[in-house]
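For reference, the structure discussed in these notes is given below.
2 protein chains.
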Amino acid sequence: MSFEAAVHAKALQLNHACLEMCAAAGSGHPTSAMSISHIVTVLMYHTMRWLPDHPRYPTADRLVLSEGHAVPIVYAAFADLRGVFGRGQAIRPMTSEDLRTLRQNDSFLDGHPNPMEGFPFFDAATGSLGQGLSIAAGVAAAARRDGLRRHVYCVIGDGEAREGQVTEALDFIIDHGLANVLPIFNCNGYGQADAVSGQQSPEVLERKLAAAGYTVRTIDGHDPSAIKATLDLFAERSAGNQPMAIVARTVKGWGAPCIQGGGWHGKPPTGRKLEQAREELNATGVSLTSALSPNEQLRIYPPDEHRVPEVEVSEPITLDEAMRRLDMTHVLQGGKFATRKAYGLALRMLGLSNPGVYVLDADVRNSTFAEEFLKEKDLTPRFLECRIAEQNMISVGVGLSAAGKIPFCSSFAKFLTRAYDQIEMAIYSGANLKIVGSHSGISLAADGPSQMALPDVAWFRAFTTMRDHHGGPGCYLLQPADAFAAYGLTMAMARHHGVCCMRTFRPDVEFIYDSNHVFELGRFEVLTEGRDLLIVSAGYMVHECNKALERLDRAGIDASLVDLYSIPFDTDALLDLANRNNGNILTVEDNFGGGIGSAVADACAESGDAFTLQQMCVRRIPKSAIDEPSILRQCGLDAESIARTAAKMLGVAVGS
Amino acid sequence: MSFEAAVHAKALQLNHACLEMCAAAGSGHPTSAMSISHIVTVLMYHTMRWLPDHPRYPTADRLVLSEGHAVPIVYAAFADLRGVFGRGQAIRPMTSEDLRTLRQNDSFLDGHPNPMEGFPFFDAATGSLGQGLSIAAGVAAAARRDGLRRHVYCVIGDGEAREGQVTEALDFIIDHGLANVLPIFNCNGYGQADAVSGQQSPEVLERKLAAAGYTVRTIDGHDPSAIKATLDLFAERSAGNQPMAIVARTVKGWGAPCIQGGGWHGKPPTGRKLEQAREELNATGVSLTSALSPNEQLRIYPPDEHRVPEVEVSEPITLDEAMRRLDMTHVLQGGKFATRKAYGLALRMLGLSNPGVYVLDADVRNSTFAEEFLKEKDLTPRFLECRIAEQNMISVGVGLSAAGKIPFCSSFAKFLTRAYDQIEMAIYSGANLKIVGSHSGISLAADGPSQMALPDVAWFRAFTTMRDHHGGPGCYLLQPADAFAAYGLTMAMARHHGVCCMRTFRPDVEFIYDSNHVFELGRFEVLTEGRDLLIVSAGYMVHECNKALERLDRAGIDASLVDLYSIPFDTDALLDLANRNNGNILTVEDNFGGGIGSAVADACAESGDAFTLQQMCVRRIPKSAIDEPSILRQCGLDAESIARTAAKMLGVAVGS
């Protein structure tokens, strides 16, 4: 059988499987899957160098299915190749029987690519559209840095190509000359609700890709020879710096005319229609494969042998040591330093001690102080400038994580909102991603609300209330109050495998801790232990609470102060402390509600004990103010207001 | 003085003002502002038809400053033109004195464009980058529909053009032939941390714009005649369907070489440097304006007279009436209907009764049922298909709202995450935006977590804890449990001015209410009143709780059930009810924590009374399951688990 006939025959076999598994599941997207049947066949059975029995082999080529809903075709091929899948104790070769479990509760085959549930062929969860190419670029960037001859193929839907993140990824790939990643646009012409916009037609996509600097090949996505030739061309060029892209004209529901055209998105045929589709696939097979001479087999080639690199990870130095090394002892003596600056130093020292650490920036490295990383010449290859494109930055981080790296992505905490969907997918992907948002809360003052992160604590906290695939919290949310905490928590994030988000803030603040202090995820620190009232705060507001404590002390109130630098935290320990403070708790935070206050309220309510809890947070949309004292007063979060509220809870009046 | 000299002179005057106001504020972005001084001068003093004493005049041309940090130049021009600004009682012409209040707590001049704080010249808050062009497109789309000869100019930074949303907006403008909006790319070559990527150079931007279908003119952005000629060309073509774009080569810190180049982003010169910059601006002025003959003045032209259209808003019909009209009485009799389907019918009936209602979709209109709107021929012009580009959809909605429309934007609730930054900016903009997310929570089952909205309740709830500029909640979060609630709450959203988000879900569910029931934002409904335990739930989970109630009843437990369809809600009323149930509360929701449970916990804790609260929510990353019963069991949220948890709270065992 010729290569061409072999591919057609295989594509038809896989398409049959797609129809059957979606019919069994009663849902799924067989027609999308069928539109990439030839592309996936040539990739998985011929072009990709990979090992079905070791799908995560470190040098293996990768396939990122950005249009995750087309996943049945990959499941079908993987089962046919007896690829190894599963979770925990149940790791084994997949069979065609497994396909019939698609989307079931105890199946490893989720509705969309979901490696953490047992399909390790994929590097990350996809299905929320437009993210795949960025992930692929992250994997490719890591391969480049590691000197691996590894190709990353990414299939993107035409409708999906409308997502702005796709263009962010395309620009990123050109900026970094990542010719080892290949975007393949699957132009089947139909989105979910309608035909695809002319702006995503093959012609316009080709023009746009060329304009962005790509070498573009437009092919018939069901022509095995054309696919093979184009992929060969990519392989030849992949060591260079000139990225290439494929625009593939395809047919949604290829091989079965009765389910082609609009109206068949995400809708598996059943009954008579399924019968008809099967017959049409058979007829297509007869017409395409019989006339061709049988003289070639499909064969999978293995990847390069992986040599485990000698990686030396040493203990990073302390902030004291770092400052001495960098002639910054005057800062130590001055007693003030911004958390964002300490984060920068931590990144730099971490980079020197751990070759797995990567840093990603979105054109604000001189504000987040991620630029410190660039000050060490040896570290520059591991710094990836992503420009003003936060979505791409986070998903590139997911790709780096899949390649075994420890990526730190930082921007203004506000601008990270742009990438919440990507962060959520990172959590579902089990990524080892570290996210740092600077200028959080209201303390940046003058720039106004468009630059302030205010609902972010509530959002990240949602992930701290649930468990990930390993039983840990979906995410740690960290809010260092001083430079030592920021430094220590950066190191703690690197030690933890999983998604962490740290909030830093703009102003320089006084030291609270020193280099001997140990910061651990899930803990908090009792800064002052009193007996009348427990104040719980974090980040910048700890300093304002400290000032309030002085006022309260003058009024004869003996308050406790907790620096709740981590969510989740040890709720029992916190409530014990509250009980030693007559059950009076005041939470103080510089963001909207749903954050620390609600975390404490949840704990109180669940305990069943009686507490008196008052929450202070930002209760109105803030506006610009010239400095920190003004913004604190504007939001009613200055030391005086805190002290007044605390005293009122105890029925005492305080002077100003 | 010639036009050219007049523009130069004016630009220099405004640049002086930018330097002074930023120096006074001690922060701001004068060099970015100076890079668009000529463009803004030609626009605001010549090309734009507008009324400085009525900046929101309905037919006036609009300027959207997407790179919001460049706002000082607009403040300077507006003050020079004695534009009317302010809030509440303090509406008055602006003077140059006002410029010195930039960024102060009591100033109308926020750090970034912020119309709600008193600068009505702008339609929306900008400053979180990449959103302006979508907003401009929304204003332009409304003008087209209203038959207004109105031009919308949008200035976008070159670094900012990397944000994927900009390409989403560019595609949207072409799709809808909005030649009345003009994107102007300000290519000053410098971002914040670095020179701009080659991918956003004038040459590549020009190529990309042409590839996307724009007629592009690349000009010297400091050449008054070139600016004027290009804007004149735009005006000539604006009634057509072929959009145009300008790529302007500019100089960051134009006129003052000592603050040009890298390192001067967001950094106002002070002291000697300020002195030097002033001198350089003066010298630039001498060289540019003296040699030109004084024979032309800058003159602002007024907009077309606005005729208040005769808009007839009638009372929308009820769901019963709608179903009778559409031959759907069998559904009424069947007693089941999905909330998303009811939303679709509500949109359709609302559209017929209110000509201000617009509907925006992101290629899932057949899933959200927004497609119902398209079934009325009269409504199709008010349906804007945005394709798979949620960020652009939300910001277009903000633009429509600025033009007085009531936009409903819907997608899967999960995919709306993509646009959280845009939604946040909509709230800060005071937009009248309605957001509807379908397939929320876990009940869509088979598609898996990449399609489920899970932390969304926590996020939207953050905005319900604070107040907007009018004193109302920043947002209402609505979760209808049945078709009548979805229908009624859609109508309630339309009656309210502000941002509302409604969560619908996939499955058909039984009717709980009828057309006589009145749904109001901020309220809840007591479905069953018992005395042992209060169960609080919303949306899909109300049905599961109803089943749990039967089990509890059999175990002799007399539980109450509240449908908490709105957050915020009347906390006192809810706690009264809890007190009538021995203070026992069980919250049940199909999302991560931080949602209803925390809202109730906040209320309990703040009350100071003792309650026993237990929260049931999604405590692990969910995976696909074949149907609703399986996913509910997987997440421990099935009726049996609810009943068991409730009974355990009361120390009673229940059978299954």
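Taken in order, these protein sequences are the chains called H and X.
Residue numbers for the first sequence follow our numbering, so the first one is 497 and each next one is one higher.
Residue numbers for the second sequence follow our numbering, so the first one is 497 and each next one is one higher.
Ideal placement from N, C-alpha and C gives every residue a C-beta, glycine not left out.
Because the structure is a prediction, the values reported are computed rather than measured.
Look at tyrosine 983 of chain H here: in three-state DSSP terms it is helix. Note on geometry: alpha-carbon atoms of valine 662 of chain X and asparagine 511 of chain H lie some 38 Å from one another. Nearest Cα to leucine 1073 of chain X within the set X:Val1084, X:Ala1055 and X:Ala1034: X:Ala1055. Neighbours of alanine 981 of chain X across chain H, judged by C-beta separation under 9 Å, do not exist; the nearest C-beta is about 24 Å away.
With fewer than 16 neighbouring CB atoms inside 10 Å of its own CB, glycine 736 of chain H falls in the exposed class. DSSP places proline 679 of chain X in the strand class (E or B) of the three-state scheme. Taking a contact to require three or more Cβ pairs closer than 8 Å, the segment 916 to 933 of chain H and the segment 909 to 917 of chain X qualify as touching. For isoleucine 1031 of chain H, the enclosing beta strand (DSSP E) has its first and last residue at 1029 to 1033. Taking 4 residues as the minimum length, the alpha helix (DSSP H) runs contained wholly in the segment 584 to 663 of chain H are 592 to 595 and 628 to 642, in order along the chain.
Spanning the alpha carbons of histidine 525 of chain H and threonine 591 of chain H requires a straight line of approximately 21 Å. Taking a C-beta cut-off of 7 Å against chain X, the contacting residues of the segment 954 to 975 of chain H are Ala954, Trp955, Arg957, Ala958, Phe959, Thr961, Met962, Arg963, Asp964, His965 and Gly970, listed in chain order. For threonine 663 of chain H, the C-beta contacts it makes with chain X under 7 Å involve Gly660 and Thr663, in order along the chain. Here tyrosine 854 of chain H is not near proline 799 of chain H, since their CB atoms are 7 Å or more apart. Between the segment 970 to 978 of chain X and the segment 987 to 1000 of chain X there are three or more inter-stretch CB-CB distances shorter than 8 Å, so the stretches are counted as touching.
Interface annotation, proline 951 of chain H: in contact with chain X, CB-CB separation under 7 Å. Close to chain H, meaning a Cβ-Cβ distance shorter than 8 Å, are the following residues of the segment 610 to 627 of chain X: Asn610, Met612, Glu613, Ala621, Thr622, Gly623, Ser624, Leu625 and Gly626. Distance check between proline 554 of chain X and each of X:Gly749, X:Asp619 and X:Ser925 places X:Asp619 closest, using alpha-carbon atoms only. In this chain, aspartate 1049 of chain H is not harboured by any beta strand (DSSP E); it is covered by the alpha helix (DSSP H) spanning 1037 to 1050. Here the segment 895 to 902 of chain X makes no contact with the segment 934 to 944 of chain H; the two share fewer than three CB pairs at distances below 8 Å. Within the segment 858 to 920 of chain X, the complete alpha helix (DSSP H) segments of 4 residues or longer fall at 861 to 864, 886 to 898 and 909 to 912, listed in chain order.
Taking a C-beta cut-off of 9 Å against chain H, the contacting residues of the segment 1100 to 1114 of chain X are Cys1100, Ala1101, Glu1102, Gly1104, Asp1105, Ala1106, Phe1107, Thr1108, Leu1109, Gln1110, Gln1111, Cys1113 and Val1114, listed in chain order.
None of the residues of the segment 992 to 1003 of chain X has a beta carbon lying less than 8 Å from any beta carbon of chain H. The beta carbon of leucine 1071 of chain H is closer than 8 Å to those of Ala1099, Cys1100, Ser1103, Asp1105 and Phe1107 in its chain, skipping five residues each way along the sequence.
Membership of asparagine 1080 of chain H in the beta strand (DSSP E) is indicated by the continuous run 1080 to 1084. In terms of Cβ geometry, aspartate 549 of chain X and valine 580 of chain X form a close pair [threshold 7 Å]. With three or more CB-CB distances shorter than 8 Å, the segment 622 to 630 of chain X counts as touching the segment 939 to 958 of chain H.
With a threshold of 16 other beta carbon atoms within 10 Å, glycine 687 of chain X meets it and is buried.
With contacts defined as CB atoms closer than 7 Å, serine 734 of chain H and histidine 672 of chain H fail to qualify as a contacting pair. Among the CB atoms of chain X, one or more fall inside 7 Å of the CB of alanine 942 of chain H. In the three-state DSSP reduction, proline 526 of chain H falls in the helix class (H, G or I).
In the DSSP assignment, lysine 506 of chain H falls within the unbroken alpha helix (DSSP H) covering 499 to 521.
In the displayed model, proline 753 of chain H falls within a helix according to three-state DSSP. Interface annotation for the segment 857 to 885 of chain X against chain H: Asp857, Asp859, Val860, Arg861, Asn862, Ser863, Glu867, Glu881, Arg883, Ile884 and Ala885, criterion Cβ-Cβ distance under 8 Å. When rounded, the separation of the alpha-carbon atoms in arginine 991 of chain X and glutamate 771 of chain H is 50 Å.
Using a C-beta cut-off of 8 Å, the segment 711 to 724 of chain H makes contact with the segment 743 to 756 of chain H, since at least three inter-stretch Cβ pairs fall below that distance.
Only buried fits histidine 534 of chain X, as 16 or more other CB atoms lie within 10 angstroms of its CB.
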